[in-house]
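Q:
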Amino acid sequence: METKRDPTSRQGSESSGRFDDITGATLTEKLHNAHVRLANIGKSKPTPVADDSVTPSSAGDIEPVVPVSMPQTTLPLSTRAPEHPVDLAAPAAEQGDVADVVVVSPALLFPEQAGVQTIQPSAIFEKTEHVLPGSLRLGPSEFAVTMPMDSIGKDNYERALAEHSESVKLLLSGFKSVDGNVLPMTEQAQLLSDVRHLIEKLDNIAVHTDLNMVEHVKRSQPDVVKEASFAEYSSAKFLFLAELIEIAGAQEKHILFVLGKKETAELVERYFIGKGFAPVRPRAEMRGYVELSLINGSLSVGILSMEHDVTVETYRPPAVVFALDSTFNASNPAIEHLRTTYARNGNLLPVVHLIIANSSEHIQRCLPDLPETQRLRLLVHIVKSLADMLGDLQDNAVGVHEDAQEIFTCLLSDDFNASWNLPAIEPLHILVSDGLQSEDPLGTQVTDPMVMGTSVNKRIFDTLDADTPESKRQRIHSSQELTQITTQSTAPTSQNLDLTARLQSLENLLVEMKANHAAEVDRLQTTIIESEARYRERIQGWEDLQHRYEAQNNELHKVRKERDALLEDKTNARIKAGKQEDEITKLKDERKQLKQDLQSARDALKTEGGLKEELEVLREQNRKLSEDYAKLEKSVEYEKKQTESARRAYQDASHHAGMLKNETTTLQDRVAYLQSQVDAEAVKLSELKKQNDESKHSARVKELEQTLEARETLLRKKEEELRTLRNNRPATRATSTQPRSPKAWGNNGSRPTSPGVNNGVGNRSSGLRFSSEMSF
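Whatever position you read off the sequence shown (first residue = 1), add 1 for my numbering.
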């Protein structure tokens, strides 16, 4: 096979011979003119669809990038076969462009996808939204939040799967035994019952690990506070409830929790009682048509079991409904009545599903409607496949605390649906084996075209990913041969020149795509390395947590053994104490009998007479005297103790009296000192009062002096004015021939006062002196 020669690196003689019909002095001008000619050809007639000979030499090197799974809030691009194929190889020329961009059809880049056309997101939004395979099947105003699972729950989950592994194996094999015979119908029914029991166990573990041993918990009668703490430690759902209670504790909200079984409801009730909640009504009144309501401050909760299908009365209008297990059914009459009764803003009462990621309850919500046997078979197959990813959250998921905060924000808003902004749950990536597909005819029941299209696309990407390097090299060699055949054609025509220009543009585009692909591969490798580091860190954390759990479990076993030993010792001690009491009773009876025998013997000796009688009488007197002497010694000892206690009491009283006397003396000195201080303060107060009065009088005197000075100043001004008026008065001429007028004031030789107001009294004082102070 000949090696490929790059058209851009040929010798100048070959280039000049090949492009002689294109005008231009330099190669750049010729390339520009070739693009212009190609654009003109594209305007004049449509370019035929490129055949296999146009395939570039490096087309096989480009690997299609696997589409990244996107959240449901941003729909990914879809693909479908075009109804009217359009040639996309013709270049779109624009005025003034030097180098036009060539749009290449997918058949040219990827021959495997010759009948695929890309649709823009706007075209998707205009159509009816379909449920993607593996997505959660939720109704209107229903939301879901995925949560992690603790190592305790994972251990119980794996243990339950291991216990029922035989039943699961028989179900997946199509009810065929090891020898290949089909099981009878009775054994098949028993097998299905066992698998249902397994699914029930797995659902219980997703809620709380103690639900599979409820009877043991009832008999043990644990402390509700410790039980609530353990529930938060071992279950993410109860940890979410604790976070939500802590955040919404001061709000007047009523939250409804819907559960499936009575045992689960009792467990949740004990949890809320352990968190400080109390029933709002007596238990006798909360049966039948009334929910189980508890309250703590302003926050109240209601617990409703799905076993009731009648209308239930709630304590207060609920703000939201939380579904804690997989038994929630939106079609239940009681649930439908509640959601329609308390609907707001044209939306039903919101329901939030708390789901453990990749668990059985998560998978059940993603399965389509199928017959029960097929549904169980598919369910247990997916449960086994996703057992290693149990509790693993998606990349854009947030923690339990953040989930509680976001949901509380939605509760405070007027429109719960509009304010919901938690990331949507990604569809499950379910890969069913060929053997299971051949045994279970599920593929023939899928009639949804959207689902079929998605499956076709998935198979296309699987086929592209499954290509081996040998097949890529084969495509490379075939494309190289076709390129060489094209480039070695004789008599360079205008068609060859057009193809050459298009090949150059296509190769440039391929190089750019290759560079982008390499950058994307580097980014994905970096992401994989970071994910592996986080995975190893998480595994290390799980190992530490498992070690802590095992240590605590061992310690718990030790404590239980010590408790059993103490209970056994206590039982033995009680038995021994009972035996000792019996022996003491027997000894008392024997002593009493001996006393009676002794008294009878003494009486017999007295009746016999003689020396023995006298001796016995003396002995009796001696005993009486000894008893009296003992009594007297006791009384003397008692009197001594009384005297000693009286002496000590007298000493204490004397000491206390001395202390009181000292305190009295101290208080008297303190009173005298305070009295002297009071007298001194009274003297200071009187002096201050005198000083205050003196200052007030001095201020008054100064004020009067200022007033007097102002009046004197005014008086001087007035006298000045009067003096000025007198000086300015015209004088009488002495040479006047007119005789003087007779004096009207008599012969006293004095003139009357100056004319003015109230000048009836004749005096020499001026009436203008205090004229400014006169009232007119």
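Beta carbons: idealized from backbone N, C-alpha and C, even for Gly.
Would you mind stating whether Ala-358 and Ile-248 have Cβ atoms separated by less than 9 Å?
A: no
Q: Around the C-beta of Asn-157, are 16 or more other C-beta atoms found within 10 angstroms, so that it is buried, or is it exposed?
A: buried
Q: Excluding sequence positions up to five away, which residues of its chain have a Cβ less than 7 Å from the Cβ of Gln-189?
A: Phe-176
Q: Between which residues of its own chain and Glu-407 is the CB-CB distance below 6 Å, once the five residues before and five after are set aside?
A: Leu-423
Q: If you check the beta carbons only, do Leu-199 and Glu-164 fall under 9 Å apart?
A: yes
Q: Give the DSSP bridge partners of Val-259, in chain order.
A: DSSP, once it has assigned bridges, lists Leu-305 and Ala-324 as partnering Val-259.
Q: Could you tell me whether the region 348-357 touches the region 137-155, using the rule of 3 or more Cβ pairs below 8 Å?
A: yes
Q: Who does Val-183 pair with in a DSSP beta bridge?
A: Lys-177
Q: Answer yes or no: do Lys-227 and His-209 have a C-beta to C-beta separation smaller than 9 Å?
A: Between Lys-227 and His-209, the C-beta spacing is not below 9 Å.
Q: Would you call the CB atoms of Ser-178 and Leu-172 closer than 9 Å?
A: no
Q: Sort out for me which residues DSSP pairs Thr-147 with in a bridge.
A: Ile-356
Q: For Lys-632 and Arg-561, I'd like the C-alpha separation in whole angstroms.
A: 56 Å
Q: Distance check for Gln-526 and Glu-95, CA to CA, integer angstroms please.
A: Low per-residue confidence applies at Glu-95: pLDDT is 39, beneath 50, and the placement is therefore not dependable, though the value from the model is reported in the following sentence. Approximately 40 Å between the Cα atoms of the pair.
Q: Terminal residues of the continuous beta strand (DSSP E) containing Asn-297?
A: 293-297
Q: Is there a C-beta anywhere in chain D that falls below 9 Å from the one on Arg-620?
A: Going by chain labels, chain D is absent from the structure shown, which holds only one protein chain.
Q: Count the C-beta pairs between the region 388-403 and the region 231-245 that are closer than 8 Å, then say yes if the count reaches three, no if not.
A: yes
Q: With a 10 Å radius around its C-beta and 16 neighbouring C-beta atoms as the bar for buried, classify Tyr-343 as buried or exposed.
A: buried
Q: How many angstroms separate the CA atom of Lys-263 from the CA atom of Ser-306?
A: Rounded to whole angstroms, Lys-263 to Ser-306 spans 7 Å at the Cα level.
Q: If we ignore side chains and look at the alpha-carbon of each, how far apart do Arg-730 and Leu-705 end up?
A: 37 Å
Q: Within 10 Å of its beta-carbon, does Arg-503 have 16 or more other beta-carbons around it, so buried, or fewer, so exposed?
A: It is buried - the Cβ of Arg-503 has at least 16 other Cβ atoms within 10 Å.
Q: To which residues does DSSP link Leu-300 through a beta bridge?
A: Asn-297
Q: For Pro-280, list the residues DSSP reports as bridge partners.
A: Leu-295
Q: How would you label Tyr-234, buried or exposed, when you count the other beta carbons within 10 angstroms and need 16 or more for buried?
A: exposed
Q: Going by Cα to Cα distance, which pick from Ala-251, Thr-315, Asp-211 and Leu-240 is closest to Val-259?
A: Thr-315
Q: Would you mind stating whether Gly-277 and Leu-293 have Cβ atoms separated by less than 9 Å?
A: no
Q: Counting pairs of Cβ atoms below 8 Å between the region 249-256 and the region 319-330, do you hit three or more?
A: With the cut-off at 8 Å, the region 249-256 and the region 319-330 touch.
Q: Could you compute how far the alpha carbon of Glu-621 sits from the alpha carbon of Gln-643?
A: 32 Å
Q: Secondary structure at Arg-701, three-state DSSP: helix, strand or coil?
A: In the structure shown, Arg-701 sits in a helix (DSSP, three-state: H, G or I).
Q: So which of Leu-350, Ile-540, Arg-624 and Ala-650 has the shortest CA-CA distance to Gly-140?
A: Among Leu-350, Ile-540, Arg-624 and Ala-650, the Cα nearest to that of Gly-140 is on Leu-350.
Q: Which of the three DSSP states is assigned to Glu-544 in this structure?
A: In this structure, Glu-544 counts as helix in the three-state DSSP scheme.
Q: Asp-310 to Met-214, Cα distance in whole Å?
A: 27 Å
Q: Provide the residue span of the alpha helix (DSSP H) that contains His-363, from first to last.
A: 361-367
Q: Would DSSP call Glu-403 helix, strand or coil?
A: helix
Q: Given this structure, state the Cα-to-Cα distance separating Ile-206 from Ala-574, to the nearest angstrom.
A: 42 Å
Q: Which residues share a DSSP beta bridge with Arg-345?
A: Asn-348
Q: What separation, rounded to the nearest whole angstrom, lies between the Cα atoms of Ser-174 and Asp-370?
A: 22 Å
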